[in-house]
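Letter 67 of the sequence shown, counting from 1, is numbered 67 in the numbering used here, and no numbers are missing.
Since the structure comes first, as structure tokens, the remarks are kept for the end.
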Amino acid sequence: MPAATSGQTIGPFWHLIEHPEWADLTRFGAAGDRIELTGSVTDGDGAAVTDAAVELWQADPPADHLFPGFGRCRTDARGEFRFTTLKPGPVPGRGNAQQAPHFAIALHARGLLKGLVTRAYFAGDPMNESDPLLSSIDDPERRATLIARSRGAGHWRIDIRLQRGPSGETETVFLDV
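Structure, rendered in structure tokens:
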């Protein structure tokens, strides 16, 4: 009978984040409303997650040879990440529903057996009220974890918390995909 091997997580993910240029989705010359999305990743105690691979996906504008629609970056020593991209527009959902402009965000890090997926919507977008996913989250405090806040012209920020904090800080809503 073969010997059992120890259980391991699927990280670290340094090989996924060796190319910092991937964090700039406009690097091939994409034209449009250029924005910067920044944020941080923290654990349940509020400590920075300094070894995460953060992936950003967007369905609008459509991917082409000038715009990949996908980016990846690492978190730094403060748990911070930064993407340069084009501001997305609404996309079709199930049936006749329209989804509000958003990014899909995937996280991979030490200690996670499965990547986590969440979204970042834009504060103040009128389509947020009718977005099927946001509308399905009854608790306003939890829904707010999916909303990026404006930090000035063309700069948006979303902070991601992996677990509920000891003082009751709300963890980010993650999707079961």
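Where a beta carbon is used, it is the ideal one built from N, C-alpha and C, also for glycine.
Boundaries cannot be given for residue 129, as no alpha helix (DSSP H) includes it and DSSP labels it neither H nor E. With a threshold of 16 other beta carbon atoms within 10 Å, residue 78 falls short and is exposed. Closest by C-alpha distance to residue 88, out of 100, 94, 74, 150, is 100.
Between residue 107 and residue 113, the beta carbon gap of about 12 Å keeps them out of contact (Cβ cut-off 8 Å). When rounded, the separation of the alpha-carbon atoms in residue 123 and residue 19 is 30 Å. Per DSSP, the unbroken alpha helix (DSSP H) holding residue 141 starts and ends at 140-143.
With respect to the C-alpha of residue 81, the residue from 166, 156, 175 having the closest C-alpha is 156. Going by DSSP, residue 41 is part of the beta strand (DSSP E) stretching over 34-42.
DSSP places residue 48 in the strand class (E or B) of the three-state scheme.
The alpha-carbon separation between residue 140 and residue 165 amounts to approximately 18 Å. Using a 10 angstroms sphere on the CB of residue 131, the tally of other CB atoms reaches 16 or more, which defines it as buried. With a cutoff of 9 Å on beta-carbon distance, residue 162 and residue 133 are scored as not near each other. One Cα belongs to residue 71, the other to residue 168, and the distance between them is close to 32 Å. When only Cα atoms are considered, residue 51 and residue 110 end up about 7 Å apart. Residue state for residue 23 is assigned as helix, using DSSP reduced to three classes. Judged by their CB atoms, residue 54 and residue 75 are nearer to each other than the 9 Å cut-off. Between residue 48 and the set 159, 147, 22, the nearest pair of CA atoms involves 159. Burial of residue 143 is indicated by the presence of at least 16 other C-beta atoms within 10 angstroms of its C-beta.
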